[in-house]
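For the sequence shown, our numbering begins at 1 and goes up steadily by one. Okay, structure first, notes after.
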Amino acid sequence: MQVNTRTRSMLFEAERLLGRQLGITQGSYSSGVGASAGTHDGGGALDLSVSGLSSAVRTDVLRRLRTVGFAAWLRTPAQGDWGYHIHAIALSDTDQSTGAQNQAGDYYLGRNGLANRGADDGPAVSPKRTWEEYQRTL
């Protein structure tokens, strides 16, 4: 799956923190999935498989993704026309689509990044940091 270098570096760091690899099911620069509403059209967007992961592990994955600078949420079939997966947007990616920018903004506002603008149901990470801000903590 296609992602830019920054997004790949962020994902690798989250995987390092988790001690496991994650499977990308949809990358960036991908306009073929209507349910994505354009969020994957530019850089910094990816969907990850949660197949075989327990609820606790999924929450840990979300926490680690958020720690390194992603806005990340667990997507469920109850929310839309898709299966369970993690949807992640690299905060402050300079090549994001407008939809991804809006979702990143929703993350900062404590929302779920969906059209219903519901409350963020993912694990709280404080402070919310970009990749560059995270790297300065190392």
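The beta-carbon is built from N, C-alpha and C at its ideal position, and this holds for glycine as well.
Through-space distance from residue j to residue i, alpha-carbon basis
i	j	result
Thr14	Asp47	Correcting the residue identity first, residue 14 is Ala in this sequence and not Thr. If you take the alpha carbons of Ala14 and Asp47, they lie about 14 angstroms apart.
Tyr107	Ser126	12 angstroms
Ser9	Gln2	13 angstroms
Val61	Leu18	7 angstroms
Ile86	Ser49	7 angstroms
Where residue i sits in the DSSP three-state scheme
i	result
Leu109	coil
Ala119	strand
Leu62	helix
Thr39	coil
Gln26	strand
Ala124	coil
Leu48	strand
Gln103	helix
Range covered by the alpha helix (DSSP H) that runs through residue i
i	result
Arg75	From DSSP, Arg75 is part of no alpha helix (DSSP H) but of the beta strand (DSSP E) over 70-75.
Ala14	5-18
Gln96	Counting along the chain, Gln96 falls outside any alpha helix (DSSP H), and DSSP gives it neither H nor E.
Trp131	131-135
Local Cβ density within 10 Å of residue i, reported as buried at 16 or more and exposed below that
i	result
Gln21	exposed
Gly83	exposed
Proximity test, Cβ basis, 9 angstroms: residue i and chain B
i	result
Glu13	Protein chain content of the structure displayed is limited to a single chain, and chain B is not contained in it.
Unbroken beta strand (DSSP E) run spanning residue i, endpoints
i	result
Ala88	85-90
Touch test, the segment 95-112 against the segment 65-84, Cβ-Cβ under 8 angstroms, three pairs minimum: yes
I'd like to know if the segment 118-138 and the segment 85-94 are in contact, where contact means that at least 3 CB-CB pairs between them fall below 8 angstroms. yes
Touch check for the segment 75-89 and the segment 104-116: three-plus C-beta pairs under 8 angstroms? yes
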